[in-house]
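Some notes on the structure that comes next.
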Amino acid sequence: MVGILSAQPKISAHLEMGLYSPELTGFKNSSLFPTPTSVTENILIGYGVSYQFYPNVRVGYASHNSFEIGNINTFPFTRTLTYREFSIESFYRPWKRIEFNFTLSPMYNSGTISMTTDATDQEWDNLLSDFGNPSSIVSRSDQMTTTWFGFTSSIGLRYHLFTWMSLESKIGFMENYYDETKWTFQGDTVTGPVLNLSNVPMITMRIIFGW
Amino acid sequence: MVKIILIFFCSGLAVISAQVENPEDHPCRTPLIEKVKEHGLRSLKVWEVPVFYWDRFQCRKSINNSRYLMNANMEQHEADFEASKSFQGFTSCIAYCSIAAVFVFIVSSSL
Numbered sequence: 010m011v012g013i014l015s016a017q018p019k020i021s022a023h024l025e026m027g028l029y030s031p032e033l034t035g036f037k038n039s040s041l042f043p044t045p046t047s048v049t050e051n052i053l054i055g056y057g058v059s060y061q062f063y064p065n066v067r068v069g070y071a072s073h074n075s076f077e078i079g080n081i082n083t084f085p086f087t088r089t090l091t092y093r094e095f096s097i098e099s100f101y102r103p104w105k106r107i108e109f110n111f112t113l114s115p116m117y118n119s120g121t122i123s124m125t126t127d128a129t130d131q132e133w134d135n136l137l138s139d140f141g142n143p144s145s146i147v148s149r150s151d152q153m154t155t156t157w158f159g160f161t162s163s164i165g166l167r168y169h170l171f172t173w174m175s176l177e178s179k180i181g182f183m184e185n186y187y188d189e190t191k192w193t194f195q196g197d198t199v200t201g202p203v204l205n206l207s208n209v210p211m212i213t214m215r216i217i218f219g220w
Numbered sequence: 175m176v177k178i179i180l181i182f183f184c185s186g187l188a189v190i191s192a193q194v195e196n197p198e199d200h201p202c203r204t205p206l207i208e209k210v211k212e213h214g215l216r217s218l219k220v221w222e223v224p225v226f227y228w229d230r231f232q233c234r235k236s237i238n239n240s241r242y243l244m245n246a247n248m249e250q251h252e253a254d255f256e257a258s259k260s261f262q263g264f265t266s267c268i269a270y271c272s273i274a275a276v277f278v279f280i281v282s283s284s285l
């Protein structure tokens, strides 16, 4: 690791913003969830790092996040879908500052719905009453989670502003093997929302800092 | 008395000679600037990059030339271009696979 960090500078990190078009059917049909807007449904925000290990090839990690914050019956909730790429990318420069790149990435993705509710906890209530307090309402937070595998491929165009900074646009697709019956809640397997995440087109814009 | 004058003279000379700028200490001759001139920007290690830009800033300020070492950036673009202007070995395979995968996605999503 120290060798990689101190070697010829081929490490880069990026911040990104993207658009994609999943079908969040389960959230749209839910009577409790707020109807997804174009921001909560289609916007991706992410980051990543990559390391160039060959004149034309980089390996890297990138995370794209879609999230929603709101209230369900006055109780605050957050919903996140995180798409994690482990990419291998080859590239070439037809001109000095312009690069075309081609990415193949297996993905390990996750979804989380967390909600904070008010609950009366008998043991805490007893303890606090014992100290002379009135009856208590304890705030309790919990979440349901799931993970699934996926695959993405994209083609990108990068413009090198400086040797240490560049802009990139990528267009691609991702395939997700999401199964709504594999959510977990407090250790138990539960059914989550139906989401169609198959053949999802994706466009991202990145700002890349590299050495 | 003569000895005292000689001592003052010698010590004065020593002070003056110490104040004369050593060419090696010039802001434009730091090890990192020399390294970049010789081997290019990518010869810098990660933690040397900010130090180099600070050195370059000091150098430009001292010689009052805001374009000094500007060509280092272009030379590095040129070197990067030479290194990656064509695919080498297995790298084209990744590109073909990627293009094929995107093509399959487009076809399957339009069906």
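So the protein sequences, as listed, match chains A and B. Positions 10 to 220 (this note's numbering) are the ones given, in order, by the first sequence. Positions 175 to 285 (this note's numbering) are the ones given, in order, by the second sequence. In this text, a Cβ means the ideal position worked out from N, Cα and C, and glycines have one as well.
- In this chain, Trp192/A is not harboured by any alpha helix (DSSP H); it is covered by the beta strand (DSSP E) spanning 192-194.
- Distances from the alpha-carbon of Met214/A to those of Gly35/A, Gly55/A, Glu50/A put Gly55/A closest.
- DSSP places Arg167/A within a strand segment (E or B) once states are collapsed to three.
- For Leu113/A, the neighbours in chain B by C-beta distance under 9 Å run, in chain order, Ile268, Cys271, Ser272, Ala275.
- Within chain A, the C-beta atoms nearer than 7 Å to that of Gln250/B come from Thr172, in chain order.
- Check the Cα spacing between Thr34/A and each of Gly27/A, Pro45/A, Ile78/A, Met26/A: the tightest is with Pro45/A.
- Gln250/B is a Cβ neighbour of Thr172/A, given a cutoff of 8 Å.
- Pairing Ser123/A with Thr83/A gives a Cβ-Cβ distance that is not under 8 Å.
- Non-local beta-carbon contacts of Ala22/A in its own chain, meaning distances under 6 Å to residues more than five positions away in sequence, involve Val58, Phe218 in chain order.
- Non-local beta-carbon contacts of Ser150/A in its own chain, meaning distances under 6 Å to residues more than five positions away in sequence, involve Thr125 in chain order.
- Exclusion of the five residues before and after Ser72/A leaves Gly55, Tyr56, Gly57, Thr91, Tyr92, Arg93, Glu94 as the residues of its chain whose Cβ lies within less than 8 Å of its Cβ.
- Around the beta carbon of Glu108/A, 16 or more other beta carbons lie within 10 angstroms, which makes this residue buried.
- Within chain A, the residues placing a beta-carbon under 7 Å from that of Lys259/B are Tyr101, Arg102, ordered along the chain.
- Counting along the chain, the unbroken alpha helix (DSSP H) around Ser282/B starts and ends at 265-284.
- In this structure, the alpha-carbon of Asn74/A lies about 16 Å from that of Phe182/A.
- For Pro202/A, there are no neighbours in chain B by C-beta distance under 9 Å, as the nearest C-beta there is about 22 Å away.
- Inter-residue distance for Glu252/B and Pro103/A is about 12 Å (C-alpha atoms, whole angstroms).
- Annotation: Gly196/A to Gln131/A spans about 23 Å, alpha carbon to alpha carbon.
- The DSSP-derived three-state label of Leu215/B is helix.
- Look at the beta carbons and you see the segment 140-148 of chain A not touching the segment 115-122 of chain A: under three pairs across the two are nearer than 8 Å.
- In this structure, the CA atom of Lys211/B is about 11 Å from the CA atom of Phe226/B.
- Proximity to Arg241/B across Leu285/B, Cys202/B, Ser283/B peaks at Cys202/B, based on C-alpha coordinates.
- When DSSP states are grouped into helix, strand and coil, Lys259/B belongs to the coil group.
- When C-beta atoms of the segment 191-206 of chain A are compared with those of the segment 131-141 of chain A, fewer than three pairs fall below 8 Å, so the two segments do not count as touching.
- Neighbours of Asn247/B in chain A, taken as residues at a C-beta separation under 8 Å, are given in chain order as Phe171, Thr172.
- When secondary structure is reduced to three states using DSSP, Ile107/A falls in the strand class.
- Within the same chain, Cβ atoms closer than 6 Å to the Cβ of Ile97/A are found at Val68, Leu113, the five residues on either side in sequence being excluded.
- Just so you know, the alpha carbons of Phe261/B and Trp221/B end up roughly 30 Å apart.
- Here Ile216/A is near Leu176/A, since their CB atoms are less than 8 Å apart.
- Chain order gives the chain A residues near Leu215/B as Thr172, where near means a beta carbon separation below 7 Å.
- Counting of Cβ neighbours within 10 angstroms places Pro115/A among the exposed residues, the total staying below 16.
- When 9 Å is used as the limit between beta carbons, Lys179/A is near no residue of chain B, the shortest such separation being about 11 Å.
- One thing to note: Lys105/A has its Cβ no nearer than 8 Å to the Cβ of Phe277/B.
- By the neighbour-count criterion, in which a residue is buried when 16 or more other Cβ atoms sit within 10 angstroms of its Cβ, Thr190/A is exposed.
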